[in-house]
Amino acid sequence: MSENYHHDLAIELRGVCKKYRFFSLDHIDLDVPQGQIMGLIGPNGAGKSTTIRILLGLVHQDAGEARVLGHRMPAEQVTAKWDIGFASEDMRLYESMTLGWHMNFIRSIYPTWDAAYAQVLLKRFGLLAEQKIKGLSHGQRVKSTLLLVLARKPKLLVLDEPTTGLDPVARHEILRELTDVMADEGRSVLFSSHNTQDVEQISDQITFIDRGRIIDSMDKETYLDRWRRLRLEVPSGIELPVLPGIIGVRQEGRLAVATANAFEPDLANAYENSGAIVQRIENMTLEEIFVANVAHSREEVEA
Amino acid sequence: MSSMNGTFSISQTDKRPMYLQIMGQIKQRIAVGDWEEGRPISSIRQLAVDLRVSVITVKRAYLELEREGVIVTQQGKGSHVASTPGLGARLREQELGKYLEQAARIAAQLGIRGEDLEHRLREAGDRISEKETI
Numbered sequence: 041m042s043e044n045y046h047h048d049l050a051i052e053l054r055g056v057c058k059k060y061r062f063f064s065l066d067h068i069d070l071d072v073p074q075g076q077i078m079g080l081i082g083p084n085g086a087g088k089s090t091t092i093r094i095l096l097g098l099v100h101q102d103a104g105e106a107r108v109l110g111h112r113m114p115a116e117q118v119t120a121k122w123d124i125g126f127a128s129e130d131m132r133l134y135e136s137m138t139l140g141w142h143m144n145f146i147r148s149i150y151p152t153w154d155a156a157y158a159q160v161l162l163k164r165f166g167l168l169a170e171q172k173i174k175g176l177s178h179g180q181r182v183k184s185t186l187l188l189v190l191a192r193k194p195k196l197l198v199l200d201e202p203t204t205g206l207d208p209v210a211r212h213e214i215l216r217e218l219t220d221v222m223a224d225e226g227r228s229v230l231f232s233s234h235n236t237q238d239v240e241q242i243s244d245q246i247t248f249i250d251r252g253r254i255i256d257s258m259d260k261e262t263y264l265d266r267w268r269r270l271r272l273e274v275p276s277g278i279e280l281p282v283l284p285g286i287i288g289v290r291q292e293g294r295l296a297v298a299t300a301n302a303f304e305p306d307l308a309n310a311y312e313n314s315g316a317i318v319q320r321i322e323n324m325t326l327e328e329i330f331v332a333n334v335a336h337s338r339e340e341v342e343a
Numbered sequence: 008m009s010s011m012n013g014t015f016s017i018s019q020t021d022k023r024p025m026y027l028q029i030m031g032q033i034k035q036r037i038a039v040g041d042w043e044e045g046r047p048i049s050s051i052r053q054l055a056v057d058l059r060v061s062v063i064t065v066k067r068a069y070l071e072l073e074r075e076g077v078i079v080t081q082q083g084k085g086s087h088v089a090s091t092p093g094l095g096a097r098l099r100e101q102e103l104g105k106y107l108e109q110a111a112r113i114a115a116q117l118g119i120r121g122e123d124l125e126h127r128l129r130e131a132g133d134r135i136s137e138k139e140t141i
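Those protein sequence lines, which keep their order, are chains P and F.
Just so you know, the first sequence maps onto residues 41 to 343 in this note's numbering.
Just so you know, the second sequence maps onto residues 8 to 141 in this note's numbering.
Following this line, the structure appears as structure tokens:
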């Protein structure tokens, strides 16, 4: 165990940097509180997988500190491994062996393996222990990998794109298992996803990453609450004021739509005071925020 | 325990944030009398697991319901429906008030006020009772 370790944090990254020839992670700070689900979102190539591999100790950072369940990474990677369950799409299973063989194999290594839960997962995921890996579909492979990780009941689950390429039923099965993990306050989950709907539904915390930088990282309720779309009627002769907290305004004729990333009721009052009529204030889905935020942060970088 | 929350559902076509949907469904159960005053309700974590939504979302719904006096949460003892007599009826009143306010707002934007608005409301009421008698 390291000194100064925050016991309520499952993951703690401080100023983590990693330089590649065409890409770099730039001073990543990330906290995942224990007992919570963190959703990592960002476009392709944003740095999600690199961040995940650094906190697992699979990739070594050039600078900065990474602590996972109190273990300093990558130095204490070997001891940390017992408590971390990691699954990603490119996970390799032995093609000529059965799923049951893999289950016995993992069971022989990890004393926390829960055989009864493994049987429950087999049923829920519609998998057969007797089946060889080479005969499995993509979805069955993903579910098999997850089964092998989930049945270990690790304190921290790290999942890189766990629902990519799955049909809606399989996706819901996975989400169900992830939320079931949360019945135990001592366990935590970090998962990356392109599926903003999944992240919006099950995450307690959201981290937004783009071009190797963290744009936002906070609890989901606060985050969603800050974003709003204001639908305005602008009578002729009235000019909309420029307001802080508004990141974009589109106007066509007498109708305008303003997007806020730091919404407060005063913004609506300010528009009303300028002579505009606020017709509606709408919440935004994470998907809408995602698109608006990427566009906005890139404009800021280029400006 | 989970069967108690079997009819809760979060909808993606519902434009309201998830915490508001959860609040609405809890209030509805109280309004129709299924959840009587003082009845114990699921813990935040349990409802989150049952609904497959994040703990923080349910926590927010509970906090807002507590602020509105609909539920009471006691440290270590869990949450229950507030023991306020007539709570269900009050929630139904509130629902009506909300819709009337919305209608008045749209009417104001159209320049319909006072007696004109009352008249339109009466007309709407007449149309409904006509439909019922047919």
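Even glycine gets a Cβ: it sits at the ideal position worked out from N, Cα and C.
No experiment lies behind these values; they were computed from the predicted model shown.
Quiz prompt | Opening and closing residue of the beta strand (DSSP E) in which I51(P) lies | solution = Your numbering for residue 51(P) matches position 11 in the first sequence. Residues 49-59.
Quiz item: Since I384(P) contacts A127(P) with CB under 8 angstroms, what's their CB separation in whole angstroms?
Solution: Because chain P here runs from 41 to 343, residue 384(P) falls outside it and cannot be looked at.
Quiz item: What is the C-beta distance between D66(P) and R253(P), in whole angstroms, given that I count them as a contact (C-beta under 8 angstroms)?
Solution: Sequence index remark: in the first sequence, residue 66(P) carries index 26 (1-based). Sequence index remark: in the first sequence, residue 253(P) carries index 213 (1-based). At roughly 5 angstroms, the Cβ-Cβ gap stays under 8 angstroms, so D66(P) and R253(P) are in contact.
Quiz item: Between N235(P) and the rest of its own chain, which residues show a CB-CB distance below 6 angstroms, the 5 nearest in sequence each way excluded?
Solution: By 1-based counting over the first sequence, the position of residue 235(P) is 195. Excluding positions up to five away in sequence, the list reads T203.
Quiz item: In whole angstroms, what separates the C-alpha of L326(P) from that of T90(P)?
Solution: Working through the first sequence from its first residue, we reach residue 326(P) at position 286. Working through the first sequence from its first residue, we reach residue 90(P) at position 50. Going from the Cα of L326(P) to the Cα of T90(P) covers about 23 angstroms.
Quiz prompt | Beta-carbon neighbours of M222(P), restricted to chain F and to distances below 9 angstroms | solution = The sequence position of residue 222(P) within the first sequence is 182, counting from 1. Ordered by position in chain F, the residues that pass the 9 angstroms Cβ test against M222(P) are R52, A55, V56, S61, V62.
Quiz item: Which residues, in order along the segment 83-111 of chain F, keep a beta-carbon less than 9 angstroms from a beta-carbon of chain P?
Solution: none
Exercise. Starting from the beta carbon of Q81(F), find every residue of chain P whose beta carbon is closer than 9 angstroms, and list them in chain order.
Key: On the second sequence, residue 81(F) is found 74 positions in, with the first residue counted as 1. Those do not exist, as Q81(F) stays about 18 angstroms from chain P at its closest Cβ, beyond 9 angstroms.
Quiz item: Going along the chain, which residues of its own chain have a beta-carbon closer than 6 angstroms to the beta-carbon of E322(P), five neighbours each way excluded?
Solution: Reading the first sequence from its first residue, position 282 is the one you call residue 322(P). R269, listed in sequence order.
Self-check item: Cutoff 7 angstroms; reference G140(P); Cβ partners in own chain excluding five residues on either side
Solution: Here residue 140(P) refers to the residue found at position 100 of the first sequence. If we look at G140(P) and ignore the five residues flanking it on each side, its Cβ neighbours are A169, E170.
Self-check item: Outcome for H111(P) when other beta-carbon atoms lying within 10 angstroms are tallied against a minimum of 16
Solution: Counting from one through the first sequence, the residue named residue 111(P) turns up at place 71. By the neighbour-count rule (16 or more Cβ atoms within 10 Å), H111(P) is buried.
Exercise. Find the residues of chain P that neighbour Y26(F), judging by a C-beta separation of less than 8 angstroms, and give them in chain order.
Key: On the second sequence, residue 26(F) is found 19 positions in, with the first residue counted as 1. The contacting residues are E261.
Practice problem: Enumerate in chain order the residues of its own chain whose CB-to-CB distance from V189(P) is below 6 angstroms, with the five nearest sequence positions on each side excluded. | Solution: Start at 1 with the first residue of the first sequence, and residue 189(P) comes out as number 149. Same-chain partners within the cutoff: G125, A127.
Quiz item: With a cut-off of 8 angstroms, does the C-beta of R67(F) fall near any C-beta of chain P?
Solution: Working through the second sequence from its first residue, we reach residue 67(F) at position 60. R67(F) counts as touching chain P.
Exercise. Measuring alpha carbon to alpha carbon, tell me which of R132(P), Q101(P), D71(P), L197(P) ends up nearest K58(P).
Key: Position 18 of the first sequence, counted from the start, is the residue given in the question as residue 58(P). The candidate whose alpha carbon is nearest that of K58(P) is Q101(P).
Quiz item: Hey, A302(P) and G288(P): beta-carbon distance below 8 angstroms or not?
Solution: In the first sequence, residue 302(P) corresponds to position 262, counting from 1. In the first sequence, residue 288(P) corresponds to position 248, counting from 1. Taking 8 angstroms as the Cβ cut-off, A302(P) and G288(P) do not qualify as a contacting pair.
Practice problem: Can you tell me which of the three DSSP states L27(F) falls into? | Solution: Taking the first residue of the second sequence as position 1, residue 27(F) is located at position 20. In this structure, L27(F) counts as helix in the three-state DSSP scheme.
Self-check item: Distance between beta carbons of G226(P) and G79(P), contact taken as under 8 angstroms
Solution: Locating residue 79(P) in the first sequence gives position 39, where the first residue counts as 1. Locating residue 226(P) in the first sequence gives position 186, where the first residue counts as 1. No, G79(P) and G226(P) are not in contact; Cβ-Cβ is about 20 angstroms, not under 8 angstroms.
Exercise. In the DSSP assignment, find the unbroken beta strand (DSSP E) run with F10(P) in it and report its ends.
Key: A query on residue 10(P) cannot be resolved here, the shown segment of chain P reaching from 41 to 343 and no further.
Quiz prompt | C-alpha gap between N84(P) and E130(F), whole angstroms | solution = Counting from 1 along the first sequence, the entry for residue 84(P) is found at position 44. Counting from 1 along the second sequence, the entry for residue 130(F) is found at position 123. Looking at the two C-alpha atoms, the distance is approximately 56 angstroms.
Exercise. May I ask you to list, following chain order, the residues of the segment 222-236 of chain P that have a beta carbon less than 8 angstroms from some beta carbon of chain F?
Key: M222, A223, E225
Exercise. From the DSSP output, in three-state form, read off S64(P) for me.
Key: As a working mapping, residue 64(P) is identified with position 24 in the first sequence. In the structure shown, S64(P) sits in a strand (DSSP, three-state: E or B).
Self-check item: Alpha-carbon spacing of K22(F) relative to D265(P), whole angstroms
Solution: On the second sequence, residue 22(F) is found 15 positions in, with the first residue counted as 1. On the first sequence, residue 265(P) is found 225 positions in, with the first residue counted as 1. Going from the Cα of K22(F) to the Cα of D265(P) covers about 14 angstroms.
Quiz item: For the beta strand (DSSP E) that Q291(P) lies in, which residues bound it at each end?
Solution: Taking the first sequence and counting its residues from 1, one reaches residue 291(P) at position 251. From DSSP, the beta strand (DSSP E) with Q291(P) extends over 286-292.
Exercise. For Q159(P), count neighbouring Cβ atoms within 10 angstroms of its own Cβ and tell me buried if that reaches 16, exposed if not.
Key: The sequence position of residue 159(P) within the first sequence is 119, counting from 1. Classification for Q159(P): exposed.
Quiz item: Can V118(P) and I94(P) be called in contact, C-beta distance under 8 angstroms?
Solution: Start at 1 with the first residue of the first sequence, and residue 118(P) comes out as number 78. Start at 1 with the first residue of the first sequence, and residue 94(P) comes out as number 54. It is not a contact, given that the beta carbons lie outside the stated cut-off.
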